[in-house]
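Inspection log for the structure reproduced underneath, given as structure tokens.
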Amino acid sequence: MREIEEKIQKQLESVLDGVVRVEVPESLDHGDYSTNACLREASQRDVEPYRLAEETVGKINKESLEVIEEIEAAGHGFINFFLDRSLYTEMIVERIMEDGEKYGSYDFGREKTVVLDYSSPNVGKPMHIGHLRSTIIGDSIKRILEFVGYRCIGINHLGDMGTQFGKLIYAYKNWGEESKLKEDPVGYLLDLYVRFHDEAEKNTEIEDMARMWSKRLEDGDDEAEELWKKFTDYTKKGLMDTYSRLNIDFDSWRGERFYGDMTDEVIHEAVDMGVAKEDVDGSIIIEFDGDETPYLIQRSDGGTLYSTRDLAAIKHRKQEYSFHRALYVVGNPQERHFKSLFKAADKLGYADIEELVHIKFGMMSVPEGSLSTRSGNIILLKDALDRARDKAIEAIREKNPDLENKEDVGEKIGTGALKYFDLSKKRTTNIKFSWDEALNFEGSSGPYLQYSYSRACGILDKIDRSDTADYDDLEEVEFRLARKMGRFHSSVLQAAEKYEPHRIATYLNELCEIFNEFYHKCRVEGSEYETRRANIVHAFLQVLSNGLSLLNIPELEEM
Ligand code: ARG
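Residue numbers (my numbering): 1 to 559.
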């Protein structure tokens, strides 16, 4: 509980007359809380650290720190604080019950808006694994930021402009079938795209045809426009079906094309302000100090780019949402783009550079055939989900053949497994996907968390609730479980400050490990401590549930 740490800190600060940091030691032998503040203080006052620690302990008003049972001065001037375990456990359990869904939350984001740009696949182009990661990581960060009080706006900045449309229009007009497009828009457009490239190898003329269609689309030609709309609308529908399986939605679906009309204004502004200039080839660029590559905002043929639309989007989003932060959940390869974009936006006064954050992430490599049904790194979100579901159903058939609704449970285990796999890794590192790891029921996986949840539900099923409980004679593991539950807020805080969902994932995994130890060591039903243990299990379920919802992993009462 953060209040306890704060109280200890205040007491120490008033005694020592300076800023004190209270830590939570790894090992319980070093106390439940600890500080080395006396070490620094002692060198300034030229006394022995241990002496000062002893003296300080003598001055602490222990009564005011109710739940602290013992305070000791230790080597190197450390002061260690030990909790009254029974009282602490009781307090934590009650606090969790009281706060319910809000347990672990903060409200420091109140009245501030964060705009998150994530998922953002390209219509009619391969949806690669980077989009899957962006979708899952972006959604979790949004949930975490909402949990600490921010108003969040999720934007799917759909790639609905670009040369692929010329190719798609050509391909669709020659080989396309509406019924197929309707049935599986994302997959079918990808097929057309792939076919176009295959044919273009044999017959380069069709590249010219595609360019012609691109141009017609840019010029507002009716037929081109109509097909563009068809592809985009169907794609959105197809994506929405997939997102709904992931329980993910967006507040805005404004794609790149939405900003197309605003790019002229941006270019004029940049030139008028002297921020941008015409280059020798007639293109328009924004230059930066040093030898950083200039940022191209208008091609020499007058066309605008991804970068121009992103600049327009910042301006527009600032006006519309007056955001405190705008986050872009996009893979490492676009690092350079965002660096320049943010600098350019800052120069133009659209937003301050510190308000703009690139939430980058490493690539996930997929062993051949494990996630993708098509070759290479091209995957369809939908295929990945189907695959995850089928694998999970296989596992259920093996472990719990009598379970009803295998399909439904399989779907939830599958998506949970994919999400946990992604979210439990530090996002900036490159990762290798593995089914064995993702679907491992024994530990550190989505199914493991879900299994722990259902196990806890199973315990409570058999017990009538009553409120008065006795917290004396705790088993050590009961206390450790309470202690871990009391530390939830600290992972939330770290996750929110660093935009790192893996802090929550790791925390939940550790929490479940302690819970499973508790499960093996402490009988609940029929034990003389039944009521208190049932309360502890209740509290555990609440904390796990709060954490799972930050990762958007479905809970399962039975699996
Ligand atoms: N559609 C882009 C891609 O697939 C990602 C867009 C990210 N968002 C942005 N505002 N640039 O690479």
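Note that beta-carbon positions come from the ideal geometry of N, C-alpha and C, so glycine has one too.
When DSSP assignments are scanned along the region 161 to 201, the uninterrupted stretches of alpha helix (DSSP H) that are 4 or more residues long and fall wholly within it turn out to be 164 to 175 and 178 to 183. Rounded to the nearest angstrom, the gap between the Cα atoms of Arg455 and Glu557 is 8 Å. Not one heavy atom of the ligand ARG sits closer than 7 Å to the Cβ of Asp160. According to the DSSP secondary-structure assignment, Ile71 is paired through a beta bridge with Phe81.
Annotation for Ser340 indicates a beta carbon at 7 Å or more from all heavy atoms of the ligand ARG. Setting aside the 5 residues that flank it on each side, Tyr118 is surrounded in the same chain by Ser134, Gly138 and Val329, each with a C-beta closer than 6 Å to its C-beta; the list follows chain order. Under DSSP, no beta-bridge partner is assigned to Asn535. With a cut-off of 7 Å, the C-beta of Pro126 is classified as distant from the ligand ARG, since no heavy atom of the ligand falls inside that distance.
Listed as beta-bridge partners of His358 by DSSP are Tyr328. Take Ile96, set aside five residues on each side of it, and the residues of its chain with a beta-carbon closer than 7 Å to its own are Tyr103, Met485, Ala539, Gln542 and Val543, in chain order. By the 16-neighbour rule on beta-carbons within 10 angstroms, Glu256 is buried. Taking every protein chain shown into account, the CB of Asn80 has 16 or more other CB atoms within 10 angstroms, so this residue is buried. Set against 7 Å, the gap from the CB of Ala313 to the closest heavy atom of the ligand ARG is smaller. Taking the Cβ of Val67 as the reference point, every heavy atom of the ligand ARG lies at 7 Å or farther away. Here the C-alpha atom of Arg40 lies approximately 8 Å from the C-alpha atom of Pro49. In the three-state reduction of the DSSP assignment, Gly260 falls in the helix class.
When the five nearest sequence neighbours on each side are left out, the beta carbons in the same chain lying within less than 6 Å of the beta carbon of Asn122 are those of Gly159, in order along the chain. Going by beta carbons, Val357 and Met559 fall outside the 8 Å limit. With a threshold of 7 Å, the Cβ atom of Val20 does not count as near the ligand ARG, since no heavy atom of the ligand is closer than that. If only uninterrupted beta strand (DSSP E) runs of at least 3 residues are considered, those enclosed by the region 100 to 145 are 113 to 117. Under the 8 Å Cβ criterion, the region 143 to 150 counts as touching the region 490 to 498, having at least three qualifying pairs.
Listed in chain order, the non-local C-beta contacts of Leu418 below 6 Å within the same chain comprise Ala388, local neighbours out to five positions each way being set aside.
Apart from the 5 residues on each side of it in sequence, Ile136 sits with its Cβ closer than 6 Å to the Cβ of Lys419 and Asp422 in its chain, given in chain order.
The alpha-carbon separation between Asp84 and Ile396 amounts to approximately 43 Å. The region 221 to 237 makes contact with the region 170 to 185; the number of CB pairs closer than 8 Å reaches 3 or more. In the three-state reduction of the DSSP assignment, Gly154 falls in the strand class. Here the region 164 to 172 makes contact with the region 197 to 211; the two share three or more CB pairs at distances below 8 Å. At least one heavy atom of the ligand ARG lies less than 7 Å from the C-beta of Tyr328.
In the DSSP assignment, Leu511 is bridged to no other residue.
Beyond the five residues adjoining it in sequence on each side, Arg480 comes within less than 6 Å, by CB distance, of Ile514 in the same chain, given in chain order. By the C-beta criterion, the region 55 to 65 is judged not to be in contact with the region 104 to 116, since fewer than 3 inter-stretch pairs fall below 8 Å.
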